[in-house]
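Have a look at the structure below before the remarks.
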Amino acid sequence: MLADRHILGNDGADDPGLAGGHHHGRVLTLFRSLAALLAVLVAAILYLALTPLAPPRVGFATPAWIGPVQVVDAVAETVLADRAIRVEAGRIAAVVPVAELTDAERAALHRPGGSHVISGLWDMHALSIRYAPALDYPLHLAHGVTRLRNILNCAAEGSFELFPCQSDKRAWNAAVADGTLAGPVIMESGSFPLNGPGRRPSAMPEVFDAATPEQVQALVGLIAADPFRPEHLKAYDHLPRDSYFALVEEGLRHGLRTNGHVPVSVRVEEAVAAGHQAIAHARVLPIGCSGREDEIMALRTARAPRLDWMRLAIDTYDPAVCANLWARMAAAGTFISPTLVTRWNETRAGIEAFRADPDVGRFTPLFIDLIQWEDIAAIEGRDAGTEEVYARYYEAAAARTAEADRAGVRLLLGTDHYDLLVVPGLGMHHEIALWRAAGIPNAAILRALTVNAAAYAGREADMGRVAPGHVADLVFTDGDPLADPSVLRRPAAVMLEGRLYDRESLDRMLDHAEAVAGGPRLTIHFLRDLARNPSEFVR
Numbered sequence: 040m041l042a043d044r045h046i047l048g049n050d051g052a053d054d055p056g057l058a059g060g061h062h063h064g065r066v067l068t069l070f071r072s073l074a075a076l077l078a079v080l081v082a083a084i085l086y087l088a089l090t091p092l093a094p095p096r097v098g099f100a101t102p103a104w105i106g107p108v109q110v111v112d113a114v115a116e117t118v119l120a121d122r123a124i125r126v127e128a129g130r131i132a133a134v135v136p137v138a139e140l141t142d143a144e145r146a147a148l149h150r151p152g153g154s155h156v157i158s159g160l161w162d163m164h165a166l167s168i169r170y171a172p173a174l175d176y177p178l179h180l181a182h183g184v185t186r187l188r189n190i191l192n193c194a195a196e197g198s199f200e201l202f203p204c205q206s207d208k209r210a211w212n213a214a215v216a217d218g219t220l221a222g223p224v225i226m227e228s229g230s231f232p233l234n235g236p237g238r239r240p241s242a243m244p245e246v247f248d249a250a251t252p253e254q255v256q257a258l259v260g261l262i263a264a265d266p267f268r269p270e271h272l273k274a275y276d277h278l279p280r281d282s283y284f285a286l287v288e289e290g291l292r293h294g295l296r297t298n299g300h301v302p303v304s305v306r307v308e309e310a311v312a313a314g315h316q317a318i319a320h321a322r323v324l325p326i327g328c329s330g331r332e333d334e335i336m337a338l339r340t341a342r343a344p345r346l347d348w349m350r351l352a353i354d355t356y357d358p359a360v361c362a363n364l365w366a367r368m369a370a371a372g373t374f375i376s377p378t379l380v381t382r383w384n385e386t387r388a389g390i391e392a393f394r395a396d397p398d399v400g401r402f403t404p405l406f407i408d409l410i411q412w413e414d415i416a417a418i419e420g421r422d423a424g425t426e427e428v429y430a431r432y433y434e435a436a437a438a439r440t441a442e443a444d445r446a447g448v449r450l451l452l453g454t455d456h457y458d459l460l461v462v463p464g465l466g467m468h469h470e471i472a473l474w475r476a477a478g479i480p481n482a483a484i485l486r487a488l489t490v491n492a493a494a495y496a497g498r499e500a501d502m503g504r505v506a507p508g509h510v511a512d513l514v515f516t517d518g519d520p521l522a523d524p525s526v527l528r529r530p531a532a533v534m535l536e537g538r539l540y541d542r543e544s545l546d547r548m549l550d551h552a553e554a555v556a557g558g559p560r561l562t563i564h565f566l567r568d569l570a571r572n573p574s575e576f577v578r
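Numbers in my numbering are just positions in the sequence shown, counted from 1, shifted up by 39.
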């Protein structure tokens, strides 16, 4: 009878016992299907979490002769027409008119694309994260950035944080040097930010508080003795006044210069006199140019509402005070890295402008969006009066940057990428656009990107120019960057130490970075790493 029922298609529907059996069977089948799906999902997550984030695999050429190209000289503010460049062992051996080549040399010319060439660009305020080889590096190189000053380090070698340690960066540099990693060379790294009590990671010794000059002396001694020591000490806003001066002095004694923020309890002029090598962020410039800087300093030290000291700095600009500050900076050889993008992204207009650039969304990882969304929402939700103060402060910071350039202070162009909506590589070109809008001449912008950066690094003799004896870091452009620096945003080709990446390779780098930024693997890696050190991973 049961067989008849099945043949008739009844499936026991008129038999409660049989119907119940089939119900349990379907539930079991569903459970098994869900379990299998869950197992596949877990396996996929484990695979993504355990598989390394790979950098792009792209080819490069090593031509001996390149040309004909127009060579841009940002120092002389000239363009040398119809030149051929000879490259040997990663350096420029000769720059000569094409007309002077032999027939054999002319036949050997490699044409990388682009009409003009300039030295490779330096981002002098880079904030690399531990996933840099897979994400930051292709973005930097594809946008013409060949050298970085990395502004901070992990707290101590062996600690596990979002920001890499010196051992990581040295390994990346070695891979770049042998051509197995396509990306910029890190020329210098800063220490963990020294911000006084409260900033110290829980696993670090008490001297990391840098609360007193004695602690600073002990801390600098530890840093200097570390075989993975950074190249500079990074001062931050709330480093105590006495500790700051001890930091600069003790650092110099150990061959470590101090860079970064001017602490809120220190006058800008005092920092210059002490030997602060490179001042970070144009935010401090309206303060140093105020006739009432001591009052602003007192407000900031007391952590008064930010709008109070911003208004005071805007309204008390004193041209004479400012001129004196620029003269002292120029005489002392102090550099300024204004990072105007970090002031621009504090305004609603800036946030809107960043979001209007489709490449910002294309290359920003999901986890960065999640970290930043609350700050962005707060900016977008401001009342009109508050927004006006922020907009005016940005305008003041940009104007003071242009004044400093006119007064002979050497500028460094940096981005502080991964600040709000600032993307590695791409942020360089947003910064260039802001400098141009501030009235800084094109030639000065190009110098900041090249020769000024090389001078800061003590490499002015062999870096920063397209000249014999210099390292063969080159950016080829479809147009003259002296006339229009925006042509740098999409290079025709980029050469790093004699390795030439053509436009096809650069596009592959961008595609790779987009896939990494938008794919699940990076987010899973971030969550995995966050779980490993949840209290301090993104500190």
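For each residue, glycine too, the CB sits at the ideal point set by N, CA and C.
Nearest-angstrom beta carbon gap, residue j and residue i [assumed within contact, 8 Å]
| i | j | result |
| --- | --- | --- |
| Val555 | Leu272 | That pair is no contact at about 32 Å. |
| Asp455 | Thr378 | 5 Å |
| Pro252 | Ala285 | 4 Å |
| Ala509 | Ile131 | In the sequence as presented, Ala is not what sits at residue 509; that position holds His. Confirmed, Cβ separation roughly 5 Å. |
| Leu473 | Ser376 | Not a contact, Cβ separation roughly 13 Å. |
| Ala274 | Pro302 | 6 Å |
| Asp217 | Val184 | With a Cβ gap of about 20 Å, Asp217 and Val184 do not count as contacting. |
| Val111 | Asp519 | 7 Å |
| Leu191 | Phe202 | 6 Å |
| Leu351 | Val399 | Going by Cβ atoms, the distance from Leu351 to Val399 rounds to 33 Å, so no, they are not a contact pair. |
Per-residue burial, residue i [other beta carbons within 10 Å of its own, 16 or more giving buried]
| i | result |
| --- | --- |
| Ser206 | exposed |
| Trp211 | buried |
| Val66 | With a pLDDT of 48 at Val66, under the threshold of 50, the modelled position of this residue cannot be trusted, and the question is left open. |
| Val533 | buried |
| Pro404 | buried |
| Thr141 | exposed |
| Leu346 | exposed |
| Leu180 | buried |
| His293 | exposed |
| Arg125 | buried |
| Ser329 | buried |
| Ser241 | exposed |
| Ser228 | buried |
| Glu200 | buried |
| Ala366 | exposed |
| Arg571 | exposed |
| Glu639 | There is no way to answer for residue 639, as the model of the chain reaches only from 40 to 578. |
| Glu582 | With the chain represented from 40 up to 578, any question about residue 582 goes unanswered, as that position is not in the structure. |
| Ser167 | buried |
| Thr219 | exposed |
| His61 | Caution is warranted here: a pLDDT of 49 is assigned to His61, below 50, making its placement in the model unreliable, and no coordinate value can be reported. |
Same chain, Cβ closer than 8 Å to residue i, neighbours up to 5 away in sequence not counted
| i | result |
| --- | --- |
| Val81 | Confidence in Val81 is poor, its pLDDT being 46 and thus under 50, which makes the residue's placement too unreliable to answer from. |
| Thr440 | Ala321, Leu324, Ile375, Pro377, Leu379, Leu450, Trp474, Ala477, Ile479 |
| Leu561 | Leu92, Tyr170, Ala173, Leu174, Pro404, Leu405, Phe406, Val555 |
| Val118 | Gln109, Val110, Val111, Asp112, His155, Asp519, Leu521 |
Own chain, CB closer than 7 Å to residue i, minus 5 neighbours either side, in chain order
| i | result |
| --- | --- |
| Val305 | Arg280, Tyr283 |
| Leu178 | Phe402, Val462, Pro463, Gly464, Leu465, Ala552 |
| Val490 | Ala113, Val114, Glu499, Gly503, Arg504 |
| Ala250 | Gly235, Pro236, Pro279, Ser282 |
| Ile353 | Pro325, Arg431, Tyr432, Ala435 |
| Ala28 | Residue 28 lies beyond the residue range present for the chain, which begins at 40 and ends at 578; the question has no answer from this structure. |
| Ile407 | Tyr457 |
| Gly129 | Val510, Ala511, Glu536, Gly537 |
Beta-carbon proximity check, residue i vs residue j, cutoff 7 Å
| i | j | result |
| --- | --- | --- |
| Ile471 | Ile484 | yes |
| Leu521 | Val156 | no |
| Ala36 | Pro507 | Nothing in the structure corresponds to residue 36, since the chain is present only between 40 and 578. |
| His300 | Ala319 | yes |
| Val246 | Ala263 | no |
| Tyr429 | Thr373 | no |
| Met368 | Val287 | no |
| Val97 | Arg547 | yes |
| Glu308 | Val259 | no |
Contacts around residue i, its chain only, beta-carbon distance under 6 Å, and the 5 residues preceding and following it disregarded
| i | result |
| --- | --- |
| Gly389 | Trp383 |
| His468 | Arg528 |
| Leu338 | Asp347, Trp348 |
| Ala100 | Leu539 |
| Val577 | Leu201 |
| Gly497 | none |
Min CB distance residue i to chain E below 7 Å
| i | result |
| --- | --- |
| Pro244 | Absent here is chain E; the protein component of the structure consists of one chain. |
Check: residue i C-beta below 6 Å from any heavy atom of the ligand MG
| i | result |
| --- | --- |
| Val505 | The ligand MG is absent from the structure shown, which contains no ligands of any kind. |
Please give me, in chain order, every unbroken run of the alpha helix (DSSP H) with length at least 4 that falls completely inside the region 333-368.
345-354
Which parts of the region 205-279 are runs of the alpha helix (DSSP H), unbroken and 4 residues or longer, counting only runs that do not cross its ends?
205-216, 252-264
Which residue spans inside the region 85-144 form an unbroken beta strand (DSSP E) run of at least 3?
Listed in chain order, the beta strand (DSSP E) runs fully inside the region 85-144 are 104-112, 117-127, 130-136, counting runs of at least 3 residues.
Report the start-end ranges of each alpha helix (DSSP H) in the region 399-440 that is 4 residues or longer and not cut off at the edges.
405-419
Can you list, in chain order, the stretches of the beta strand (DSSP E) that have 3 or more residues and sit fully within the region 470-528?
Counting whole runs of 3 or more residues, the region 470-528 contains the beta strand (DSSP E) stretches 513-516.
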